[in-house]
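Residue numbers (mature numbering (1 follows the signal peptide of the UniProt record, and there is no 0)): -23 to -1, 1 to 469.
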């Protein structure tokens, strides 16, 4: 064989023998994981950083203490087994876990702050990374900590952050970058959301004793959100731009507290919202501005500064105060269907805080119109009013027959509810949607371990749980196609 051909053949053979990099799964402390076992989370991240492929890391039950992160350009998916998989910081001013990259995700893990640290941080997501199903708590001694920080393009969904509303300096979510999306969060912290960048916040419950939302930079769009500041905090404090729709702010008439406050260069636009139990409904300090449209407030509440106030509403909200939506409008409230008739904005949630459709016909007058506040009243049966007949010398045709009203007002029957560590079983009398909340006992209280939604059929149904050893309480909330609801719970 000529020398040139021999060289080409050798080069081709070498090329064929080089294996291409492939995504891998690394297992840490999880005997059920199907992948490469690694002794520590640090070792798993080091292995995943060797190639640009999207690798997975599965964590078992246990506590992982450190300040872990993936390398730039090395995306990774980290998943755990719920709050039983706990990550804790080991040094000051460093997140317990930093994940970056538009393909990177972290899900189903717990984060605990306060392990001999100050100015600590539970987690940081950056560069388009996303988090889902995360539980953040604070150990005794925690102070001036941040639950989760969101950098550019980051997103966070279905997350519980429990830092204590009275602990000074505790921040639930810090938004430090632009293009951030937050939805379906439950936050208890001195400051619920601290915003410095452009962000969208949807369907979030915040309980706070200092400030529900402190918006100091960027442009924040908020919708279908509850700010519970009955422990004494402000509702929204804005020194930047903010567009707020379908928000409920509830206080306890604490002196000196304000529902909506704009300072400095703040420009706060609020519509279709409720401000209740606040001695001062709003305050605008020049040159800051506040613009209101269809906003409910107590007529006796103070109003400070020049505010553009279109379509003011001074009707008492009449909250339901029951069930899973304690600040929904009570049946028969005069506020039902009194919001604006504008269509949903581009960034506005199409669902209310309970997950029900936004903009419905709550009064049954056949005209769908939104309610003010975080919750929407379920649609009532439409009963159109027949037009009055006009006298005429000749007979006129009868008006068209109204469509039959929805007469299903019977809640589905939920029977044979049984809970084991492997699964939950139950029987339904009709097809419905079942929302399952699993709570695990930690000390003297229960914390949320998992939330599931299952489209269930009439008859026997089951939900796989795979619960570890411990004490559990499972809540089942069933809603049929007509909106009728029934709930039950079991303990294990």
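Where a beta carbon is used, it is the ideal one built from N, C-alpha and C, also for glycine.
Check: residue i C-beta below 7 Å from any heavy atom of the ligand ADP
i           : result
residue 282 : Among the components modelled here there is no ligand, and therefore nothing to report on the ligand ADP.
For residue i, the nearest candidate out of the options (CA to CA)
i           : options               : result
residue 330 : 422, 203 and 453      : 203
residue 480 : 100, 14, 91 and 63    : This structure does not reach residue 480, given that the chain is present from -23 up to 469, and the question cannot be answered.
residue 309 : 418, 205, 356 and 33  : 356
residue 390 : 420, 437 and 121      : 437
residue 469 : 461, 430, 423 and 290 : 423
residue 340 : 425, 434, 316 and 325 : 316
residue 232 : 209, 54, 404 and 238  : 209
residue 263 : 108, 458, 294 and 215 : 215
residue 288 : 295, 297, 303 and 318 : 318
residue 426 : 265, 434 and 452      : 452
residue 131 : 195, 78, 182 and 89   : 78
residue 59  : 458, 443 and 133      : 443
residue 56  : 106, 115, 83 and 234  : 83
residue 217 : 246, 206, 228 and 226 : 246
residue 173 : 237, 276, 219 and 97  : 219
residue 298 : 290, 307 and 292      : 307
residue 420 : 463, 402 and 447      : 447
Residue range of the beta strand (DSSP E) that includes residue i
i           : result
residue 176 : 176 to 184
residue 467 : 462 to 468
residue 160 : 157 to 166
residue 403 : 400 to 405
residue 4   : 2 to 5
residue 149 : 148 to 152
residue 114 : 112 to 115
residue 280 : 279 to 281
residue 386 : Where residue 386 is concerned, there is no enclosing beta strand (DSSP E), given that its DSSP letter is neither H nor E.
residue 342 : Where residue 342 is concerned, there is no enclosing beta strand (DSSP E), given that its DSSP letter is neither H nor E.
residue 85  : 82 to 90
residue 243 : That residue, residue 243, is in no beta strand (DSSP E); it is neither H nor E in DSSP.
residue 102 : 98 to 103
residue 76  : 72 to 77
residue 306 : Careful: residue 306 lies outside any beta strand (DSSP E) and carries neither H nor E.
residue 35  : 32 to 36
residue 269 : 266 to 274
Three-state secondary structure assigned by DSSP to residue i
i           : result
residue 297 : coil
residue 196 : strand
residue 55  : strand
residue 255 : coil
residue 44  : coil
residue 204 : strand
residue 430 : strand
residue 121 : coil
residue 435 : coil
residue 288 : coil
residue 448 : coil
residue 329 : coil
residue 417 : strand
residue 227 : strand
residue 337 : strand
residue 313 : coil
residue 210 : coil
residue 171 : strand
residue 456 : strand
residue 321 : coil
residue 107 : strand
residue 131 : coil
C-alpha distance - residue i paired with residue j, whole-angstrom precision
i           : j           : result
residue 222 : residue 268 : 12 Å
residue 428 : residue 414 : 5 Å
residue -5  : residue 127 : Legend: pLDDT at residue -5 = 41, less than 50; position of this residue unreliable, no value from coordinates given.
residue 148 : residue 136 : 14 Å
residue 388 : residue 455 : 9 Å
residue 189 : residue 124 : 15 Å
residue 394 : residue 405 : 10 Å
residue 260 : residue 270 : 16 Å
residue 412 : residue 397 : 17 Å
residue 162 : residue 180 : 7 Å
residue 201 : residue 328 : 7 Å
residue 410 : residue 359 : 23 Å
residue 399 : residue 445 : 9 Å
residue 25  : residue 111 : 22 Å
residue 253 : residue 313 : 16 Å
residue 5   : residue 14  : 6 Å
residue 64  : residue 73  : 6 Å
residue 457 : residue 49  : 47 Å
Bounding residues of the alpha helix (DSSP H) (the contiguous stretch that carries residue i)
i          : result
residue 24 : 18 to 25
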